[in-house]
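Those protein sequences? They're chains A and B, same order as listed. The first sequence lines up with residues 0 to 255 when you count with numbering that gives the first Met the number 0. The second sequence lines up with residues 0 to 328 when you count with numbering that gives the first Met the number 0. Idealized CB from N, CA, C, for every residue including glycine. As the structure is a prediction and not an experimental result, all values here were calculated from the model.
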Amino acid sequence: MKILVCMKQVPQKDAPLKLNESGTWIRDDVSYEVNEPDAFALEEALRQKEKHTGEVVVITAGPARSQQVLREGLAKGADRAIHLEDNGFVGLDAFNMAKAFVAAIKDEKFDLIFTGLQSDDYGYAQTGVIMAELLGWPHATIIMEIQKSDSGIKVKRELESGFFQHVSMPLPAVLTIQSGINKLRYATLLGIKQAKNKPLRKVTMEEVKSALGDNLQKIEKLYVPQKTKKTEMLEGSPGEIAKKLVDKLRNDVRVI
Amino acid sequence: MADTILVIVEQREGKLNRVSMETIAAAQAIAAETGATVEASLFGSGIAGLAPEIAAKKLAKVTVIDSPKLAKYEPDGVVAALKDFINQRKPSLVLMPHTYQVRDFAPQLATALQRTLISDAIGFRKDGDKLVFTRQMFQGKFAADVSFACPAPHFVTFQAGAFRGDKAEAGASAAPVETITANIADGVVRNQPEDPFKEAKQAVDLTQAEIIVSVGRGIKEQKNIELAKALADALGGEIAASRPICDSGWLPMDRQIGSSGQTVSPKLYLAVGISGAIQHIVGMKGSRSIIAINKDAEAPIFEIADFGVVGNLFDILPALTEEVKKAKG
């Protein structure tokens, strides 16, 4: 199976984020990491390849710094990488991001495309599904298991309230992968070394520009959300905080 | 002619998803400011019996889109049916609840119509002639005002809890109900879904717990969960966790709170080392009291906490457990 994994670089979970001067995006002097569901998507692709042979290709879009997620993917076992390298990709809406990816892989023949189920920054949860529609492929979302079958694949979708569902579908297809579908591997030293010699194709904005249009939705303003609830912050040494909390538990929450 | 807002109501296995009432409330709130007419539609097979409950709300019309091909949910048939219906009705705005089912088909539907979906919105405001929608970004650390930059129809999904379902206004008389048959051509549907199932019987029903001590990533290692368990025991409560903890196998899946786990509203929800990602918040924001302990003062969990402590949970938890034991004598 030939699998493409769409990966995204997002700010680290604990990184303190600051707004830029115009209040339209964050300042980019933060530490970044691989979007967590994308890491699970990569792991699942590697496992499928180990079971059924094939090729795993990782793709991302963003400025030079975002190459790091591809390097990590290659170090873990992906065969090659595609980097849509331009700062302009960061500001695309999901529709145009999907169009850019589709344009970048127009000469490839994948059986499966994986994305994480959503990103930690925009949180659209849409790019994979949009890619499927642009390619004319079927899709399934929030996937917890993938089995190859005679006619294609059988996947396990996560539904709400603890329910799951099996879905049979033909290939090629797009799947959005849920966190926790597998256990992530670490890159080995050998893997990191080998990654340096694996092919990485760069795609410029110029190459895919004709496929893109204006954004269909626009972020007018980014801001720190207004508090809807008044939070009383408790301070002091651990012992003092414990005493204050017990006082709240007894007199306000009334559970002691 | 006034603009039409179309609410797509969700039913699963012949049962109305209550969150749809929130979407109707959202549509009515928008209509109150824009003067639009609100209609609702639902799709499925043999589900006309669900229409009267929806038609009791203040709506101009309810359309039941019926086809045997829509009996079991899968996205292709739904998109084909809704695309036809939207092309014919020409609503300016299409509203849906941000459920797992909607997440599965709505981006496909918007794309099939060369349009876009503003997903997981939590509010709206009118800015001149334009509607601006608020959605959370960076896991709730920021909010963004987002607007459409394309012609109608505009698609928006609303997060569960963003509007109150019980505020959906009833109509003076029942709205007219029309049932139409969706024309879904053979070969359109590619996926073959099976019946939904539950993995194992849920061993723990956290929805009944009065006190929940819940742990997140900040707990760092599996063995540290004992610190939170000790506190839960001292308080006479249950231990629970955010998704990453259960994904790691540190606590069983049936202890998970959030959109993919259980939704709880205990007297006390004590969040330990939980940053408060949206997917977690939707599972516990209805709690009567929320106490949050986190090392990061910027963590979104503090947005909804009644009492907050910024500090090292490894120092605070043992001290608190001791103090609770003392207080309970």
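For the C-beta of M283(B), not a single chain A residue is nearer than 9 Å; the gap to the nearest is close to 13 Å.
For the C-beta of R249(A), the chain B residues within less than 8 Å are, from N- to C-terminus, A326. Excluding residues up to 5 positions away in sequence, G285 and S286 lie with their Cβ nearer than 6 Å to the Cβ of S264(B) in the same chain.
Out of E159(A), E234(A), T175(A) and F163(A), the CA that lies nearest to the CA of K294(B) is found in E234(A).
Taking the Cα of I244(B) as reference, the smallest distance to any Cα among L230(B), A105(B), S213(B) and A143(B) is reached at S213(B). In the structure shown, the three-state DSSP call for I277(B) is helix. S259(B) counts as buried, since at least 16 other C-beta atoms from the protein chains shown sit within 10 angstroms of its C-beta. Rounded to the nearest whole angstrom, the CA to CA distance from K327(B) to I255(A) is 7 Å. Of all residues in the region 182 to 205 of chain B, those with a C-beta nearer than 8 Å to a C-beta of chain A are R189, N190, Q191, P192, E193, D194, P195, F196, K197, E198 and Q201, reading in chain order.
Put simply, the backbone Cα of F157(B) is about 11 Å away from that of V93(B).
About 11 Å separates the CB atoms of S146(B) and K125(B); that is not less than 8 Å, and the two are not in contact.
Between A151(B) and G215(B) a beta carbon distance of about 41 Å is seen, past the 8 Å cut, so the two are scored as non-contacting.
Within the same chain, and ignoring the five residues on either side of A39(B) in sequence, the residues whose Cβ sits closer than 7 Å to its Cβ are V6, V8, I23, I53, L58 and V61. Taking C-beta separations shorter than 8 Å and ignoring five residues to either side along the sequence, the partners of R46(A) in its chain run N181, following chain order. Where S19(B) is concerned, the enclosing alpha helix (DSSP H) starts and stops at V18 to T33.
In the pairwise beta carbon analysis, the region 92 to 99 of chain A is classified as touching the region 208 to 216 of chain A: at least three pairs are separated by under 8 Å. E237(B) places its beta carbon less than 8 Å from that of I211(B). 8 Å or more divides the Cβ of G160(B) from the Cβ of I277(B). L170(A) is not a Cβ neighbour of L69(A), given a cutoff of 8 Å. Taking F301(B) as the centre and dropping the five residues before and after it, the same chain places the C-beta of A291 and G307 closer than 6 Å to its C-beta, in chain order.
I25(A) places its beta carbon 8 Å or farther from that of K12(A). The beta carbon of S30(A) is closer than 6 Å to those of Q11 and A14 in its chain, skipping five residues each way along the sequence.
Note: D65(B) is bridge-paired with G43(B) and T180(B) in the DSSP secondary-structure output. One alpha carbon belongs to K197(B), the other to C5(A), and they sit about 30 Å apart. Its Cα nearest to that of A103(A), the residue L133(A) stands out among I152(A), L133(A) and Q125(A). At a beta-carbon threshold of 9 Å, the residues of chain A lying near D305(B) are K228, K229, T230, E231, K247, D251 and V252, ordered along the chain. Rounded to the nearest whole angstrom, the CA to CA distance from E193(B) to T175(A) is 19 Å. A direct Cα-to-Cα measurement between Y72(B) and F113(A) gives close to 22 Å. Within the region 79 to 103 of chain A, contact with chain B at the beta-carbon level (separation under 9 Å) is assigned to D92, A93, F94 and A97. One finds nothing in chain B with a Cβ atom closer than 9 Å to the Cβ of A38(A); even the nearest lies about 11 Å away.
Of all residues in the region 198 to 227 of chain A, those with a C-beta nearer than 7 Å to a C-beta of chain B are D213, N214, L215, Q216, K217, I218, E219, K220, L221, Y222, V223, P224 and K226, reading in chain order.
Secondary-structure assignment with DSSP links N293(B) through a beta bridge to V309(B). In the three-state scheme derived from DSSP, where H, G and I count as helix and E and B as strand, V33(A) is classed as strand. For D119(A), the residues of chain B that pass the 9 Å Cβ criterion are F137, Q138 and A276, in the order they occur in the chain. Excluding residues up to 5 positions away in sequence, Y31, E32, V33, N34, S118, D119 and D120 lie with their Cβ nearer than 8 Å to the Cβ of V9(A) in the same chain.
Membership of Y99(B) in any beta strand (DSSP E) is not indicated; the residue belongs instead to the alpha helix (DSSP H) covering Y99 to A111.
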